[in-house]
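All remarks here apply to the structure that follows.
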Amino acid sequence: MEATSQGGWWQPGATALLLVDLQQGTCGDCQPQPQTAFDRQFNRNTLPAAQQALAVARHARLEVIYTVIANLTADGRDRSLDYKRCAMGFSPGSRAAQVIPELAPLADELVLPKSSSSPFSSTTLDYLLRNIGIRTLVVIGLLTDQCIDHTVKDAADRGYKVVCLQDACQAETPERHAAALACFSGYCNQISVAEFESILIRIPPSSK
Numbered sequence: 417m418e419a420t421s422q423g424g425w426w427q428p429g430a431t432a433l434l435l436v437d438l439q440q441g442t443c444g445d446c447q448p449q450p451q452t453a454f455d456r457q458f459n460r461n462t463l464p465a466a467q468q469a470l471a472v473a474r475h476a477r478l479e480v481i482y483t484v485i486a487n488l489t490a491d492g493r494d495r496s497l498d499y500k501r502c503a504m505g506f507s508p509g510s511r512a513a514q515v516i517p518e519l520a521p522l523a524d525e526l527v528l529p530k531s532s533s534s535p536f537s538s539t540t541l542d543y544l545l546r547n548i549g550i551r552t553l554v555v556i557g558l559l560t561d562q563c564i565d566h567t568v569k570d571a572a573d574r575g576y577k578v579v580c581l582q583d584a585c586q587a588e589t590p591e592r593h594a595a596a597l598a599c600f601s602g603y604c605n606q607i608s609v610a611e612f613e614s615i616l617i618r619i620p621p622s623s624k
């Protein structure tokens with residue numbers, strides 16, 4: 417797909433920004449195992465890009481939806497097998513399950529707790545998107561080679577047009593990030609946040 421083609425993905429009134437797992441337990445102050453290099457990259461580059469993408473989406477009146485890793489049960493028995501095997505999961509209502517304050521949702525923006533890599537497996541995301549009338553999903557968040565990969569592919573398989581904002585996603589290492597983007601490039605348009613903003617700026621207000 418042409419990565420910078422507006423006509424290839426922009427659909428007025430039917431485009432949503434999905435923020436994946438940008439929460440205290442993954443990139444905030446409740447990480448089980450803080451990683452200095454990861455946190456440095458996130459704070460210097462990924463977080464500012466995500467903030468810019470969010471501001472652009474809100475200004476353009478896109479639907480904004482969040483997912484957070486959070487169990488539905490106290491003991492996590494509802495988690496996917498993968499999450500159980502790697503001990504991934506946060507208690508419902510815990511601080512670790514909250515979106516980081518720098519990207520905090522507004523009152524009427526949806527926040528969906530998920531217990532699997534793809535929100536299409538463990539949330540009502542598909543149901544909600546179809547009810548709202550969304551046909552294009554713009555994806556940012558963590559981790560590029562895990563939940564972003566699964567989300568992009570599952571969305572494409574369900575017939576959504578998908579856009580991945582490359583610089584607003586991150587993996588544990590730059591190498592894994594680059595490899596993941598290459599792996600799922602056939603499932604989505606891949607553009608930068610700056611390109612995303614420039615495309616929306618060119619769209620007349622009546623078309624947003």
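Residue numbers (the working numbering): 417 to 624. Think of the CB as a built atom: it goes at the ideal place given N, C-alpha and C, for glycine as much as any other residue. Keep in mind that this is a model prediction, so the values were computed, not measured.
Exposure of THR540 is indicated by the presence of fewer than 16 other C-beta atoms within 10 angstroms of its C-beta.
Between ALA512 and CYS446 the beta-carbon gap is near 4 Å, inside 8 Å, which marks them as a contact. If the five residues before and after SER531 are omitted, its C-beta is found closer than 8 Å to the C-beta atoms of ILE485, ALA486, ASN487, LEU488, GLY492, ASP494, ARG495, SER496, TYR499, GLY505 and SER538, all from its own chain and listed in chain order.
Using a Cβ distance threshold of 8 Å, ALA587 and ASP570 do not count as a contacting pair.
For GLU479, the beta-bridge partners assigned by DSSP are ALA432. Secondary structure of PRO529 (DSSP, three-state): strand. Excluding sequence positions up to five before and after THR462, its CB lies within less than 6 Å of the CB of GLN586, all in the same chain and listed in chain order. Short of 6 Å from the beta carbon of ARG592, and not among the five residues preceding or following it, lie these beta carbons of its own chain, in chain order: ASP561. Residue state for ASN547 is assigned as helix, using DSSP reduced to three classes.
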